[in-house]
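Sequential numbering from 1268 applies to the sequence shown in the working numbering. Working notes, beginning with the structure itself.
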Amino acid sequence: MKILAIESSCDETSIAILDDTKVLSNVISSQYFHTQYGGVIPELASRAHLKSIAPIFFQSLEEAQITIEKIDAIAVTNQPGLLGSLIVGTNFAKGIALKYNLPIIPINHIEGHLYSGFIEDDSLQFPLISLVVSGGHTALFKVNSFTNYEIIGLTRDDAAGEAFDKIAKSLNLGYPGGPIIDKLAKIGNPNKYTFPRSMINSGDFDFSFSGLKTSFKTFISKNFPNGFNQEEIQDLAASVQSAIVDVLTFKSIQAAKQFKIKNIIVAGGVSANSQLKSEMQKVAHNLGMKAVFPSLKLSMDNAAMIGFLATKKIQEKGTSNFFDFTFTASANSLRSRKKT
Ligand code: KG4
Ligand code: ZN
1268 MKILAIESSC DETSIAILDD TKVLSNVISS QYFHTQYGGV IPELASRAHL KSIAPIFFQS
1328 LEEAQITIEK IDAIAVTNQP GLLGSLIVGT NFAKGIALKY NLPIIPINHI EGHLYSGFIE
1388 DDSLQFPLIS LVVSGGHTAL FKVNSFTNYE IIGLTRDDAA GEAFDKIAKS LNLGYPGGPI
1448 IDKLAKIGNP NKYTFPRSMI NSGDFDFSFS GLKTSFKTFI SKNFPNGFNQ EEIQDLAASV
1508 QSAIVDVLTF KSIQAAKQFK IKNIIVAGGV SANSQLKSEM QKVAHNLGMK AVFPSLKLSM
1568 DNAAMIGFLA TKKIQEKGTS NFFDFTFTAS ANSLRSRKKT
């Protein structure tokens, strides 16, 4: 079964081709121009998707060395995300599916991230804990199968990536802030300053990062009224990153302990954070657990994870259930502890 998958929920246009769960191509085009605005501008994002989606479609087919006539199904992210961006991807997907009379599988972007660890590691076993941590989401899931999971924890305010981005902005470091803080932190002293590990002792699996952002801003305006030198920026980056990483690691490990689970998947843009990866893997290893971090191209927004989950859905339900073209794009985010 050859699947062509499309992802355009935020500022990455991506088209992947999979042969069942094997990724044949996974072309990703990132809209770097948003950097100059300090954040993603939705209207510009959808225009950029519109411009790049057709060339990426052809590039993806070429890299997979396949023609469109050989594709058996189309998968597309239809939620959550920026509405205008999602509409570009879903309409493109519907156009191809209608023209070639193919089934179409709408996929939830977060669910795509949730299972992305399986693409490179098929030894993972259910149930597992999945931490999805990005610019828009911070959520912990207990994942029972490819079609059944529970949200066990959510951020009550900002996402962890959003905290990285806002903190970087207050240090005038540019956007997106996560990778910049990560790089600076490598040479900084994480114990130089102490920032709150919000909700670490809350006894549940929820998160909160807006208090950290506020306390960081207050701290720098009080202690560095005349700006900071390079060493101070590195120490601030390392200290604030540690506060975020400690909470993400502690809660994920607590969840695994509570549910007696051995495997943890960490996905979404923030999973690229080097300290998060080393700390989580170290703690997990010491407890006889395994923490899987997908490689960069599968942890950022990408279509391969969308195609992978579509394959799993087809394997369970067959293709005949996927000829409903009335589904729409939806900006809806994770708000409730729903079960699917
Ligand atoms: O999943 P993603 O590509 O897009 C969505 O938000 O859905 O995640 C982007 C987020 C940004 O907030 C960015 O600052 C953060 O991931 N990020 C990082 C790192 N690389 C990207 N945060 C911390 N450390 C990193 N190395
Ligand atoms: Zn994402």
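In this text, a Cβ means the ideal position worked out from N, Cα and C, and glycines have one as well.
DSSP three-state assignment for residue i, whether helix, strand or coil
{"i": "GLY1445", "result": "helix"}
{"i": "PHE1431", "result": "helix"}
{"i": "SER1603", "result": "Residue placement at SER1603 is flagged as unreliable, the pLDDT there being 46, under the threshold of 50; the coordinate-derived value follows with that caveat. Residue state, collapsed to three classes: coil."}
{"i": "GLU1387", "result": "coil"}
{"i": "VAL1559", "result": "strand"}
{"i": "TYR1304", "result": "helix"}
{"i": "LEU1421", "result": "strand"}
{"i": "ALA1596", "result": "coil"}
{"i": "ILE1341", "result": "strand"}
{"i": "LEU1554", "result": "coil"}
{"i": "LEU1291", "result": "strand"}
Whole-angstrom distance between residue j and residue i, CA atom to CA atom
{"i": "PHE1431", "j": "ILE1371", "result": "36 Å"}
{"i": "LEU1349", "j": "THR1405", "result": "17 Å"}
{"i": "SER1541", "j": "VAL1290", "result": "25 Å"}
{"i": "MET1566", "j": "SER1600", "result": "Correcting the residue identity first, residue 1566 is Ser in this sequence and not Met. Distance between the alpha carbons of SER1566 and SER1600 is about 19 Å."}
{"i": "ILE1354", "j": "THR1595", "result": "8 Å"}
{"i": "THR1593", "j": "LEU1543", "result": "40 Å"}
{"i": "LEU1311", "j": "LYS1524", "result": "44 Å"}
{"i": "GLY1379", "j": "THR1485", "result": "37 Å"}
{"i": "LYS1361", "j": "ILE1531", "result": "35 Å"}
{"i": "THR1288", "j": "LEU1438", "result": "42 Å"}
{"i": "ASP1389", "j": "LEU1328", "result": "25 Å"}
Paired residues, beta bridge with residue i - DSSP
{"i": "GLN1346", "result": "ASN1375"}
{"i": "SER1397", "result": "PHE1408 and ILE1532"}
{"i": "LYS1269", "result": "ASP1286"}
{"i": "THR1280", "result": "SER1296"}
{"i": "PHE1474", "result": "THR1422"}
Inter-residue CB distance, residue i and residue j (contact presumed, cutoff 8 Å)
{"i": "GLY1535", "j": "SER1401", "result": "3 Å"}
{"i": "LYS1564", "j": "ILE1295", "result": "7 Å"}
{"i": "ILE1581", "j": "ALA1504", "result": "That pair is no contact at about 44 Å."}
{"i": "ALA1510", "j": "ARG1464", "result": "6 Å"}
{"i": "ALA1331", "j": "THR1586", "result": "About 20 Å separates the two Cβ atoms, so there is no contact after all."}
{"i": "LYS1529", "j": "GLY1555", "result": "7 Å"}
Short Cβ contact (8 Å threshold) for residue i with residue j
{"i": "ASN1293", "j": "ASN1569", "result": "yes"}
{"i": "GLU1499", "j": "PHE1491", "result": "yes"}
{"i": "PHE1495", "j": "LEU1479", "result": "no"}
{"i": "PHE1472", "j": "LYS1518", "result": "yes"}
{"i": "ALA1577", "j": "ALA1342", "result": "yes"}
{"i": "TYR1367", "j": "ILE1335", "result": "yes"}
{"i": "SER1352", "j": "SER1275", "result": "yes"}
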